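Written out below as structure tokens is the structure these notes cover.
Residue numbers (the working numbering): 887 to 1201.
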């Protein structure tokens, strides 16, 4: 086969890598972002690959893009070939031992701004050849379309297409301002049911569960919140203002409890702790920079203030 000039002048692995990114991300523009280039360049690479094979790989219209039958076969081979080639490069360049390149991580806004900041800085200090894009967002990203390497999630993970690595767990406690409690006994099990409440809608709205430290019966408190929000910092400020009692992550209010600006309700009880996972899409090859980041978070996070070592997985 005579190779067209435009294809002969391009790295064929790059053409295949571009094709894989187009299919995985769902658009030429998303692939361009992931590859750090422009949409016209991505389009030219796709055209060069199609001319190289003499086949149409993608059907494109104004609103959608679909693989042809030939494109589906090409995609399967291209995925495998690109993954193998990147593994060879990593091995021969020593990248398995020296993490390098860009890592894009999505973390919850409050958690990433407070609890994860120090572990993140330690990671960058240890691996100077890694560039980190640290995105504080309270959402679940589209890993492939957005080129996200991994995310840290607080709470249960129910996504079969993701690998979830347990990192730690977050203790949660009930708190209220002294002015709201007044002369009542903070150890009185009836007290929470008499107070107004602030709801953190991500985890509770109409009922709060408090577990006994000795494994006794759980206390269920039905609440009618005066304020509902999905932001931890808003919950803390509203609790400090005396608007209502709240269940919060223990790390969030450690200073306020120490200075007496907040009181802990039912000190012998906790709300169910929240698991913390690092999640990433399953893939044949994991870049060394991502492996290093996973190892760093597993080592640091359970020992960060306000965190606990996660329980062992059920047998």
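Where is the CB? At the ideal position from N, CA and C, for every residue including glycine.
The structure displayed is predicted, hence computed values, not measured ones.
Can the beta-carbon of residue i be found closer than 8 Å to that of residue j?
i            : j            : result
residue 1175 : residue 985  : yes
residue 1142 : residue 1126 : yes
residue 989  : residue 1183 : no
residue 1084 : residue 1112 : yes
residue 987  : residue 1173 : yes
residue 1155 : residue 1097 : yes
residue 1062 : residue 1138 : no
residue 1064 : residue 998  : no
residue 1196 : residue 972  : no
residue 904  : residue 919  : no
residue 1082 : residue 1129 : yes
residue 1114 : residue 1091 : yes
Decide if residue i is buried, meaning its Cβ has at least 16 other Cβ atoms within 10 Å, or exposed.
i            : result
residue 1185 : exposed
residue 1012 : exposed
residue 888  : In this prediction, residue 888 has a pLDDT of 41, which is less than 50 and means its spatial position is unreliable; nothing more can be read from the coordinates.
residue 1078 : buried
residue 1181 : exposed
residue 974  : exposed
residue 947  : exposed
residue 1168 : exposed
residue 1035 : buried
residue 978  : exposed
residue 1187 : buried
residue 1099 : exposed
Within a Cβ cutoff of 6 Å, which residues of the same chain sit near residue i, ignoring the five residues on either side of it in sequence?
i            : result
residue 1133 : 1058, 1060, 1094, 1157
residue 960  : 943
residue 994  : 1024, 1040
residue 909  : 961
residue 1072 : 1149, 1151
residue 1049 : 1166, 1168
When DSSP labels each residue in this structure, what does residue i get in the three-state scheme?
i            : result
residue 907  : helix
residue 1059 : strand
residue 899  : helix
residue 936  : helix
residue 1125 : helix
residue 1163 : strand
residue 1194 : strand
residue 987  : strand
residue 1180 : helix
residue 1043 : coil
residue 962  : helix
residue 974  : helix
residue 1086 : strand
residue 1155 : strand
residue 1080 : helix
On a Cα-Cα basis, can you pick out the residue from the options that is closest to residue i?
i            : options                : result
residue 1076 : 1178, 1063, 1102, 1106 : 1106
residue 1164 : 1037, 919, 957         : 1037
residue 897  : 954, 1147, 931, 1177   : 931
residue 900  : 965, 950, 945, 953     : 965
residue 922  : 978, 935, 1033, 1008   : 1033
residue 953  : 1082, 1135, 1136, 906  : 906
Apart from the five residues just before and just after residue i, which ones in its own chain have a Cβ nearer than 8 Å to its Cβ?
i            : result
residue 1140 : 1191, 1192
residue 1116 : 1024, 1086, 1087, 1088
residue 1020 : 991, 993, 998, 1006
Leaving aside the five residues before and after residue i along the sequence, list all residues of the same chain whose C-beta is less than 7 Å from its C-beta, in chain order.
i           : result
residue 915 : 925
With a threshold of 8 Å between beta-carbons, can residue i be considered close to chain B, or not?
i            : result
residue 1037 : Among the chains in the structure shown there is no chain B, since it carries only a single protein chain.
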